[in-house]
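Asker: My structure is below; once you've seen it, I'll send some questions.
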Amino acid sequence: MSADLSLESENINSLWGYLIVEELLRNGIDHFCISPGSRSAPLTVAAARHPDAHKIICHDERGAAFLALGYARATGRTAVLICTSGTALANYWPAVIEAAMDRLPMLILSADRPPESLDTGANQTIQQARMFGDYVKWQCELPCPSTEVSARMVLTTLNQAIHQSWTAPPGPVHLNCPFREPLAPEPLGVSADYLDSLSHWLQTRSPLTQYQRPIRTPDAIAVRALSKILRKTRRGLVAVGRLNTDRERSAVLRLLQRLRWPVHVDITSGLRLGAGDVPIIHYFDQLLLSPETRQSLQPDTLLHLGGSLVSKRFLEFSEQLSETTQYLLIDGHPFRHDPGHRVTLRMEADIVAASVALLATLEEREPDALTQTLQAYSEAIGATIDETLAADPESLGEIAVARLIAERIPARQGLWLASSMPIRDMDMYGKPRAHTVRVGANRGASGIDGTLAAAVGFATGLRRPVTVLLGDLALLHDLNSLVLAHNSSAPLVIVVLNNNGGGIFSFLPIARFTDVFESYFAAPPHLRFEPAAALFKLAYSAPTTPAEFIMAYEAALVRSGSTLIEVTSDRQANVASHQRLQRDIQSTLARLLP
Numbered sequence: 390m391s392a393d394l395s396l397e398s399e400n401i402n403s404l405w406g407y408l409i410v411e412e413l414l415r416n417g418i419d420h421f422c423i424s425p426g427s428r429s430a431p432l433t434v435a436a437a438r439h440p441d442a443h444k445i446i447c448h449d450e451r452g453a454a455f456l457a458l459g460y461a462r463a464t465g466r467t468a469v470l471i472c473t474s475g476t477a478l479a480n481y482w483p484a485v486i487e488a489a490m491d492r493l494p495m496l497i498l499s500a501d502r503p504p505e506s507l508d509t510g511a512n513q514t515i516q517q518a519r520m521f522g523d524y525v526k527w528q529c530e531l532p533c534p535s536t537e538v539s540a541r542m543v544l545t546t547l548n549q550a551i552h553q554s555w556t557a558p559p560g561p562v563h564l565n566c567p568f569r570e571p572l573a574p575e576p577l578g579v580s581a582d583y584l585d586s587l588s589h590w591l592q593t594r595s596p597l598t599q600y601q602r603p604i605r606t607p608d609a610i611a612v613r614a615l616s617k618i619l620r621k622t623r624r625g626l627v628a629v630g631r632l633n634t635d636r637e638r639s640a641v642l643r644l645l646q647r648l649r650w651p652v653h654v655d656i657t658s659g660l661r662l663g664a665g666d667v668p669i670i671h672y673f674d675q676l677l678l679s680p681e682t683r684q685s686l687q688p689d690t691l692l693h694l695g696g697s698l699v700s701k702r703f704l705e706f707s708e709q710l711s712e713t714t715q716y717l718l719i720d721g722h723p724f725r726h727d728p729g730h731r732v733t734l735r736m737e738a739d740i741v742a743a744s745v746a747l748l749a750t751l752e753e754r755e756p757d758a759l760t761q762t763l764q765a766y767s768e769a770i771g772a773t774i775d776e777t778l779a780a781d782p783e784s785l786g787e788i789a790v791a792r793l794i795a796e797r798i799p800a801r802q803g804l805w806l807a808s809s810m811p812i813r814d815m816d817m818y819g820k821p822r823a824h825t826v827r828v829g830a831n832r833g834a835s836g837i838d839g840t841l842a843a844a845v846g847f848a849t850g851l852r853r854p855v856t857v858l859l860g861d862l863a864l865l866h867d868l869n870s871l872v873l874a875h876n877s878s879a880p881l882v883i884v885v886l887n888n889n890g891g892g893i894f895s896f897l898p899i900a901r902f903t904d905v906f907e908s909y910f911a912a913p914p915h916l917r918f919e920p921a922a923a924l925f926k927l928a929y930s931a932p933t934t935p936a937e938f939i940m941a942y943e944a945a946l947v948r949s950g951s952t953l954i955e956v957t958s959d960r961q962a963n964v965a966s967h968q969r970l971q972r973d974i975q976s977t978l979a980r981l982l983p
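Going by the working numbering, the first residue of the sequence shown is number 390, and it counts up by one from there.
So, in structure tokens, the structure goes:
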């Protein structure tokens, strides 16, 4: 084995632990998120002693699972979660749901009590098998380690779990691992002939079972049919949702350059903040503020590439399209993604393969008059945003923070956005620039839980610094993940918008019901985060003006450790600033419309 291990002197629990970790590493899975516990000792010790394993200690299992999820978002690769028995496993639940809904790989190795302890009142013993129901893509329970069970079974089962986690569509898998005593690596010995069936495996560095990933190319007949629709379209429109890799972004950009249709790009596509010579309408969401513009935008064909979209206005717009409009959706999974019930043609295919196949069938065209008009409108909206913000140069509102980050985040760094208002503000108002930025967010179930832990995983996977934009409730919900930020191999700039409660609720009808709104929906915690920054040994600043924020942010970008920047915001003032800016944009559009 690649690790220098005297396996003949270990007990059977330790041996199975070593086999599992070694096979994971042979499959290229080398990141382990480990939460301390006794029952999981055989797995933890095996990972801890293996020189090729990258170990991250996560005291909180919920944070560990979100860290693994963020890592998968950055890399497309599986990270391993190791936890002890009992409620430790249940803390993975929110991240498992997110991974399932956003189709991200994840591998859970949960230690468990032996079957004779179940339903006996034994300490720290619950029903762990099949705990996650349909939210895991595949699940299996190993037997308790025994020399009467073939070592090959351990490896082939693990290889199936790995294959299930990352083959399309990827998702979380759960391998439950019961152990009897001894849990520590006591030198009790294992029969020398137990590993005879693995003699060849022990002399190689390859997995016992090597799975070949299927090539998911689109059907040639389907490509021709789709291409025919695109070529016959007079007024086309493209929407680009979440894209997972640089290869997907590159392939989609080439297709967009060939089509030359106007393009609405979602912030999670990684193209919203900059994409070069492509007819992207960066402020498409804001164009839809004008009923006249909505009417003028009615396309013959809407081509939707990739995942879901943040913009509620675009969703409403797509739901109101003419019944004759062709809605074409291409994404790499078989599940329905049609909340408005408007899709007329659905192609399940690898985004890169589909884009390349379509590209070969299309001739390059010049941007039409509608594309040029929309680009001009979008540029006018960008100028209006700048003018409105400049009218109050000392005010550091939430829109201004999103815009300043978009302007100044370096090309090689990542951006993680919390659900609720941060991702919406960046999607609506982020200022485009020359280069793209890797963007991550938990948009499968769109919860606020695990935001910071996921951002740490994103930074770990990217191997580069990450800026995190989140609200005070999201940070409070994941406060103990500040220790992960402190220990992160890549520093984070954590920008918290402290509006003393749930800011997004102030935009909803419930805000009018003042007898219940403040206490039960906004739910202000009345907290400042400077003491938390001190507790977790993070650099801290609290800018109050745009100029101070720029200084604080640029200093944080070059700092070797993580930084917490706290911006105090007023919820009512934030709503008023959004409303004022949207009125200014509507006035701009009214002047431009013929």
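The C-beta atom is built at its ideal place from N, Cα and C for all residues, glycine as well. These figures come from a predicted structure and were not determined experimentally.
Return the bridge partner residues of Asn565 from the DSSP annotation.
Answerer: One-based indexing of the sequence shown puts residue 565 at position 176. Beta-bridge pairing links Asn565 to Ser499, Glu530.
Asker: What do you reckon, are the CB atoms on Val629 and Asp655 nearer than 9 Å?
Answerer: As a working note, residue 629 is residue 240 in the sequence shown. As a working note, residue 655 is residue 266 in the sequence shown. In this structure, Asp655 lies closer than 9 Å to Val629 by Cβ.
Asker: For a quick check, are the C-beta atoms of Cys533 and Phe568 less than 9 Å apart?
Answerer: As a working mapping, residue 533 is identified with position 144 in the sequence shown. As a working mapping, residue 568 is identified with position 179 in the sequence shown. Yes, Cβ-Cβ distance for Cys533 and Phe568 is below 9 Å.
Asker: State yes or no: is the C-beta of Thr760 within less than 9 Å of the C-beta of Arg649?
Answerer: Here the question's residue 760 lines up with position 371 in the sequence shown. Here the question's residue 649 lines up with position 260 in the sequence shown. In this structure, Arg649 lies closer than 9 Å to Thr760 by Cβ.
Asker: Could you tell me whether the Cβ atoms of His552 and Tyr583 are closer together than 9 Å?
Answerer: For this step, residue 552 is matched to residue 163 along the sequence shown. For this step, residue 583 is matched to residue 194 along the sequence shown. No, they are not a contact pair.
Asker: Once the 5 residues before and after Thr433 are set aside, which same chain residues still bring their CB inside 7 Å of it?
Answerer: Residue numbering aside, residue 433 sits at position 44 when the sequence shown is read from its first letter. Excluding sequence neighbours, Thr433 sits near Ile423, Ile471.
Asker: Which stretch, first to last residue, makes up the beta strand (DSSP E) that contains Asp720?
Answerer: Taking the sequence shown and counting its residues from 1, the one referred to as residue 720 is at position 331. Asp720 -> beta strand (DSSP E) spans 715-720.
Asker: For Ala749, which of helix, strand or coil comes out of DSSP?
Answerer: Along the sequence shown, one-based indexing puts residue 749 at 360. It is coil, neither helix nor strand.
Asker: Measure the C-alpha to C-alpha separation of Ser616 and Leu734 and round it to an integer number of angstroms.
Answerer: Residue mapping note: residue 616 aligns to position 227 of the sequence shown, counting from 1. Residue mapping note: residue 734 aligns to position 345 of the sequence shown, counting from 1. Those two C-alpha atoms are separated by around 12 Å.
Asker: Could you give the DSSP three-state label for Glu575: helix, strand or coil?
Answerer: Translated into the one-based positions of the sequence shown, residue 575 becomes position 186. If DSSP states are grouped into helix, strand and coil, Glu575 belongs with coil.
Asker: Here's the rule: buried if 16 or more other CB atoms are within 10 angstroms of the residue's CB, otherwise exposed. What is Phe902?
Answerer: Indexing the sequence shown from 1 puts residue 902 at position 513. Phe902 comes out exposed.
Asker: Could you give the DSSP three-state label for Phe421: helix, strand or coil?
Answerer: Taking the first residue of the sequence shown as position 1, residue 421 is located at position 32. Phe421 falls in the strand class under three-state DSSP.
Asker: Can you find the residues in the same chain that come closer than 8 Å, C-beta to C-beta, to Ile418, ignoring five residues on each side of it along the sequence?
Answerer: Residue mapping note: residue 418 aligns to position 29 of the sequence shown, counting from 1. Arg466, Thr467, Ala468, Val469, Leu496, Ile551.
Asker: Go ahead and label Ala609 buried or exposed: buried means 16 or more other beta carbons lie within 10 angstroms of its beta carbon, across all protein chains shown.
Answerer: Here residue 609 refers to the residue found at position 220 when the sequence shown is read from its first residue. With fewer than 16 other Cβ atoms within 10 Å, it is exposed.
Asker: According to DSSP, is Glu787 helix, strand or coil?
Answerer: Along the sequence shown, one-based indexing puts residue 787 at 398. Three-state DSSP puts Glu787 in a helix.
Asker: Roughly how many whole angstroms lie between the Cα atoms of His443 and Pro561?
Answerer: Residue 443 sits at position 54 when you count from the first residue of the sequence shown. Residue 561 sits at position 172 when you count from the first residue of the sequence shown. The alpha-carbon atoms of His443 and Pro561 are separated by roughly 20 Å.
Asker: Could you tell me which residues DSSP pairs with Thr985 in its beta bridges?
Answerer: Here the chain covers residues 390 to 983 and nothing more, so residue 985 does not appear.
Asker: Alpha carbons only, please: which of Leu587, Pro603, Ile604 is nearest the one belonging to Arg596?
Answerer: In the sequence shown, the residue the question calls residue 596 occupies position 207. Rather than Arg, the amino acid found at residue 596 in this sequence is Pro. Pro596 has its Cα closest to that of Leu587, out of Leu587, Pro603, Ile604.
Asker: Bridge partners of Ser930, per DSSP?
Answerer: Along the sequence shown, one-based indexing puts residue 930 at 541. DSSP, once it has assigned bridges, lists Ile954 as partnering Ser930.
Asker: Going straight from the alpha carbon of Glu838 to that of His866, what length do you get?
Answerer: Along the sequence shown, read from residue 1 onward, the residue named residue 838 stands at position 449. Along the sequence shown, read from residue 1 onward, the residue named residue 866 stands at position 477. Correcting the residue identity first, residue 838 is Asp in this sequence and not Glu. Straight-line Cα distance between these residues: approximately 6 Å.
Asker: In the DSSP assignment, the alpha helix (DSSP H) including Ile446 goes from what residue to what residue?
Answerer: For the purposes of this step, residue 446 is taken as residue 57 along the sequence shown, with counting starting at 1. From DSSP, Ile446 is part of no alpha helix (DSSP H) but of the beta strand (DSSP E) over 443-446.
Asker: Does the region 817-827 touch the region 778-792, meaning 3 or more C-beta pairs lie closer than 8 Å?
Answerer: With a cut-off of 8 Å, the region 817-827 and the region 778-792 count as touching, because enough Cβ pairs lie within range.
Asker: In the DSSP assignment, find the unbroken alpha helix (DSSP H) run with Glu570 in it and report its ends.
Answerer: Here residue 570 is taken as the residue at index 181 of the sequence shown, counted from 1. Segment: none, Glu570 is in no alpha helix (DSSP H) and carries neither H nor E.
Asker: Let me know if His730 comes out buried or exposed under the rule of 16 or more other beta-carbons within 10 Å of its beta-carbon.
Answerer: Numbered from its first residue, the sequence shown carries residue 730 at position 341. Exposed, because fewer than 16 other Cβ atoms sit within 10 Å of the Cβ of His730.
Asker: Which full runs of the alpha helix (DSSP H) of 4+ residues lie inside the region 446-530, going along the chain?
Answerer: Fully enclosed alpha helix (DSSP H) runs of 4 or longer: 450-464, 476-479, 482-491.
Asker: Which residue comes first and which comes last in the alpha helix (DSSP H) that contains Asn963?
Answerer: If you number the sequence shown from 1, residue 963 lands on position 574. Residues 960-981.
Asker: Please go through the region 594-654 and give each complete beta strand (DSSP E) segment of 3 or more residues, from N-terminal end onward.
Answerer: As far as the region 594-654 is concerned, its whole beta strand (DSSP E) runs of at least 3 residues are 625-629, 652-654.
Asker: Give me the DSSP bridge partner(s) of His693.
Answerer: Here residue 693 is taken as the residue at index 304 of the sequence shown, counted from 1. Note: His693 sits in a beta bridge opposite Ala628, Leu718.
Asker: With a threshold of 16 other CB atoms inside 10 Å of the CB of Asp393, please say whether the residue is buried or exposed.
Answerer: Along the sequence shown, read from residue 1 onward, the residue named residue 393 stands at position 4. Unreliable positioning characterises Asp393 in this predicted model, as indicated by a pLDDT of 44, which lies under 50. A coordinate reading is not provided.
Asker: What is the rounded straight-line gap between the Cα of Val885 and the Cα of Val956?
Answerer: On the sequence shown, position 496 is the one that residue 885 refers to. On the sequence shown, position 567 is the one that residue 956 refers to. Distance between the alpha carbons of Val885 and Val956: 6 Å.
Asker: Please report the straight-line C-alpha distance between Leu881 and Ser951, rounded to a whole angstrom.
Answerer: Start at 1 with the first residue of the sequence shown, and residue 881 comes out as number 492. Start at 1 with the first residue of the sequence shown, and residue 951 comes out as number 562. Cα-Cα distance, rounded: 5 Å.
Asker: Using the Cβ count rule (16 or more neighbours within 10 Å means buried), how would you classify Val905?
Answerer: For the purposes of this step, residue 905 is identified with residue 516 of the sequence shown, where counting begins at 1. Val905 is exposed by the Cβ-count criterion.
Asker: What is the DSSP secondary structure of Gly663, reduced to helix, strand or coil?
Answerer: Position 274 of the sequence shown, counted from the start, is the residue given in the question as residue 663. Coil.
Asker: If you measure between the beta carbons of Thr622 and Pro559, is that distance less than 9 Å?
Answerer: Taking the first residue of the sequence shown as 1, we reach residue 622 at position 233. Taking the first residue of the sequence shown as 1, we reach residue 559 at position 170. Not a contact, by the Cβ cut-off of 9 Å.
Asker: Could you give the first and the last residue of the continuous beta strand (DSSP E) run that contains Asn402?
Answerer: Residue 402 sits at position 13 when you count from the first residue of the sequence shown. Not the beta strand (DSSP E): Asn402 falls in the alpha helix (DSSP H), residues 401-415.
Asker: Give a yes or no on whether the C-beta atoms belonging to Leu408 and Val543 are separated by under 9 Å.
Answerer: Translated into the one-based positions of the sequence shown, residue 408 becomes position 19. Translated into the one-based positions of the sequence shown, residue 543 becomes position 154. Closer than 9 Å, so yes.
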